[in-house]
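Comments concern the structure below.
Protein chains: 2
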Amino acid sequence: MAEQLYWEDVAEGMELPPLVKNPTTRQLVQYAGASGDFYEIHYALEYARGNGLEGVILHGALKNAFLGQLMTDWMGPQGALKRLSCQYRGMDLPGRPITGKGTVTRKYQQDGQFLVDCAIWLENAQGEKTTPGTATAALPSRSVGG
Amino acid sequence: MAEQLYWEDVAEGMELPPLVKNPTTRQLVQYAGASGDFYEIHYALEYARGNGLEGVILHGALKNAFLGQLMTDWMGPQGALKRLSCQYRGMDLPGRPITGKGTVTRKYQQDGQFLVDCAIWLENAQGEKTTPGTATAALPSRSVGG
Chain A
827 MAEQLYWEDV
837 AEGMELPPLV
847 KNPTTRQLVQ
857 YAGASGDFYE
867 IHYALEYARG
877 NGLEGVILHG
887 ALKNAFLGQL
897 MTDWMGPQGA
907 LKRLSCQYRG
917 MDLPGRPITG
927 KGTVTRKYQQ
937 DGQFLVDCAI
947 WLENAQGEKT
957 TPGTATAALP
967 SRSVGG
Chain B
827 MAEQLYWEDV
837 AEGMELPPLV
847 KNPTTRQLVQ
857 YAGASGDFYE
867 IHYALEYARG
877 NGLEGVILHG
887 ALKNAFLGQL
897 MTDWMGPQGA
907 LKRLSCQYRG
917 MDLPGRPITG
927 KGTVTRKYQQ
937 DGQFLVDCAI
947 WLENAQGEKT
957 TPGTATAALP
967 SRSVGG
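Chains A and B, in that order, give the protein sequences. So for the first sequence, the working numbering puts the first residue at 827; every next one is plus one. So for the second sequence, the working numbering puts the first residue at 827; every next one is plus one.
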């Protein structure tokens, strides 16, 4: 069972627990079925290479979902993901691990909510941030029970 | 709208209308999602070649389904497919057309049903029967209305 994170436990500059992913071509095929995105660059090697890619590449929306998991794993069940966005700056390929990372950039209250902004990204084994983004989470506060 | 085939219209030795299929890797990925069979030989080229295959190959169950379509397209909406089986003798690859074919081998009545047995198969461009099988259909009869 996931532990619950409270707003009081968070400080600006804090790092999120890293999320290691080892994507496979099988996962891309499963994601194609789940998402309905059957573009061949995500599973057909010769097609991908014919389009100038090194190999088949991860769906951008799957990488976005990995970042969502980074946030929700950290927040715990009572947290709420208010906003998440990312940019696809670099390609990631199955067979190459990628790690979701993040830091808290701002901690604040607004409209009665206890909020944290985070810088988040996926990083490859070379330390390149292929998929940087930002997210905002609303957390429970110890000051209002919960 | 499909035309209806009646038992009286069928003669032993009659050929079924051929069914041409042009399978693609995309179709195999879609079939993987639909069937839950995510074995890599059906979409991952290097994995397939590493297993001694020429390339990714069609799911056997998909070829069985093509033969099912061969039969049901022919029978029309009032026909009933009573039995179908096939053997996977040869591999078929995406990008290579295959054609479903069949002939009526027996026409008979049994237990009040108007039945036809068929020899059916998938054939590649070289005329090789990669997937031979048999099927039995129950058809409506003009003698009992319809």
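In this text, a Cβ means the ideal position worked out from N, Cα and C, and glycines have one as well.
* To do: Report yes if the CB atom of Tyr-832 of chain B is closer than 8 Å to the CB atom of Leu-965 of chain B, and no otherwise.
  => If you number the second sequence from 1, residue 832 of chain B lands on position 6. If you number the second sequence from 1, residue 965 of chain B lands on position 139. Going by C-beta atoms, Tyr-832 of chain B is nearer than 8 Å to Leu-965 of chain B.
* **Chain-ordered neighbours of Phe-864 of chain A on chain B, where CB pairs are closer than 7 Å** => As a first step, residue 864 of chain A must be located in the first sequence, where it is residue number 38. Arg-852, Val-855, Gln-856, listed in chain order.
* Just how far apart, CA to CA, sit Gly-938 of chain A and Ser-967 of chain A? -> Translated into the one-based positions of the first sequence, residue 938 of chain A becomes position 112. Translated into the one-based positions of the first sequence, residue 967 of chain A becomes position 141. Our two residues, Gly-938 of chain A and Ser-967 of chain A, have alpha carbons roughly 11 Å apart in a direct line.
* Asked: Taking Cβ to Cβ, would you say Pro-958 of chain A is nearer than 8 Å to Arg-915 of chain A?
  -> Against the first sequence, residue 958 of chain A aligns to sequence position 132. Against the first sequence, residue 915 of chain A aligns to sequence position 89. Inclusion of Pro-958 of chain A and Arg-915 of chain A in the CB contact set at 8 Å is warranted, their separation being smaller than that value.
* Asked: Going by alpha carbons, who is nearest to Arg-922 of chain B out of B:Ala-906, B:Glu-949, B:Trp-900?
  -> Walking along the second sequence from the start, residue 922 of chain B turns up at place 96. Among B:Ala-906, B:Glu-949, B:Trp-900, the Cα nearest to that of Arg-922 of chain B belongs to B:Glu-949.
* Asked: What first and last residue would you give for the alpha helix (DSSP H) that runs through Asn-890 of chain A?
  -> Locating residue 890 of chain A in the first sequence gives position 64, counting from the first residue. It spans 886–901 - the alpha helix (DSSP H) in which Asn-890 of chain A sits, taken as one unbroken run.
* To do: Can you have a look at Ala-961 of chain A and say buried or exposed, based on whether 16 or more other CB atoms are within 10 angstroms of its CB?
  => One-based indexing of the first sequence puts residue 961 of chain A at position 135. Per the 10 Å Cβ criterion, buried.
* Spatial neighbours of Ile-867 of chain B within its chain, please: CB distance less than 7 Å, with the 5 preceding and 5 following residues excluded, ordered by chain position. => Taking the second sequence and counting its residues from 1, one reaches residue 867 of chain B at position 41. Excluding positions up to five away in sequence, the list reads Tyr-873, Ala-874, Asn-877, Leu-879, Val-882, Ile-883.
* Asked: So, does the CB of Gly-878 of chain A fall closer than 8 Å to a CB anywhere in chain B?
  -> Locating residue 878 of chain A in the first sequence gives position 52, where the first residue counts as 1. For Gly-878 of chain A, the answer is no, since every Cβ of chain B falls outside 8 Å of its Cβ.
* Since I believe Ala-858 of chain A is in contact with Gly-859 of chain B (beta carbons under 8 Å), could you give me their beta-carbon distance rounded to a whole number of angstroms? => Position 33 of the second sequence, counted from the start, is the residue given in the question as residue 859 of chain B. Position 32 of the first sequence, counted from the start, is the residue given in the question as residue 858 of chain A. Yes, they are in contact, since the Cβ atoms of Gly-859 of chain B and Ala-858 of chain A sit about 7 Å apart, within 8 Å.
* **Buried versus exposed, by CB contacts within 10 Å (16 or more), Val-855 of chain B** => Mapped onto the second sequence, residue 855 of chain B falls at position 29. By the beta-carbon neighbour count (other beta carbons within 10 angstroms, threshold 16), Val-855 of chain B is buried.
* Tell me whether the beta-carbon of Lys-927 of chain A lies closer than 8 Å to the beta-carbon of Val-836 of chain A. => Locating residue 927 of chain A in the first sequence gives position 101, where the first residue counts as 1. Locating residue 836 of chain A in the first sequence gives position 10, where the first residue counts as 1. Contact: no.
* Could you tell me which residues DSSP puts in a beta bridge with Glu-880 of chain B? => Numbered from 1 along the second sequence, position 54 holds the residue referred to as residue 880 of chain B. Within the DSSP bridge table, the entry for Glu-880 of chain B names no partner.
* To the nearest angstrom, report how far apart Asp-918 of chain B and Gln-895 of chain B are at their CA atoms. => Here residue 918 of chain B is taken as the residue at index 92 of the second sequence, counted from 1. Here residue 895 of chain B is taken as the residue at index 69 of the second sequence, counted from 1. Spanning the two alpha carbons is a distance of roughly 17 Å.
* Asked: Which whole-angstrom value is the C-beta distance of Thr-929 of chain A and Cys-944 of chain A, which I expect to be below 8 Å?
  -> Taking the first residue of the first sequence as position 1, residue 929 of chain A is located at position 103. Taking the first residue of the first sequence as position 1, residue 944 of chain A is located at position 118. Between Cys-944 of chain A and Thr-929 of chain A the Cβ distance is about 7 Å, and since that is below 8 Å, they are a contact.
* To do: Could you round the C-beta distance between Gln-904 of chain B and Gln-830 of chain B to whole angstroms and report it? I think they count as a contact, below 8 Å.
  => As a first step, residue 904 of chain B must be located in the second sequence, where it is residue number 78. As a first step, residue 830 of chain B must be located in the second sequence, where it is residue number 4. Right, the Cβ-Cβ distance comes to about 5 Å (below 8 Å), so this counts as a contact.
* Give the interface partners of Gly-886 of chain A over in chain B, defined as CB-CB distance under 8 Å, in chain order. => In the first sequence, counting from the first residue as 1, residue 886 of chain A sits at position 60. The contact set of Gly-886 of chain A on chain B, defined by CB atoms closer than 8 Å, is empty, because the minimum CB distance reaches about 17 Å.
* In terms of residues, what are the limits of the beta strand (DSSP E) holding Leu-948 of chain B? -> For the purposes of this step, residue 948 of chain B is identified with residue 122 of the second sequence, where counting begins at 1. That run of the beta strand (DSSP E) goes 939–949.
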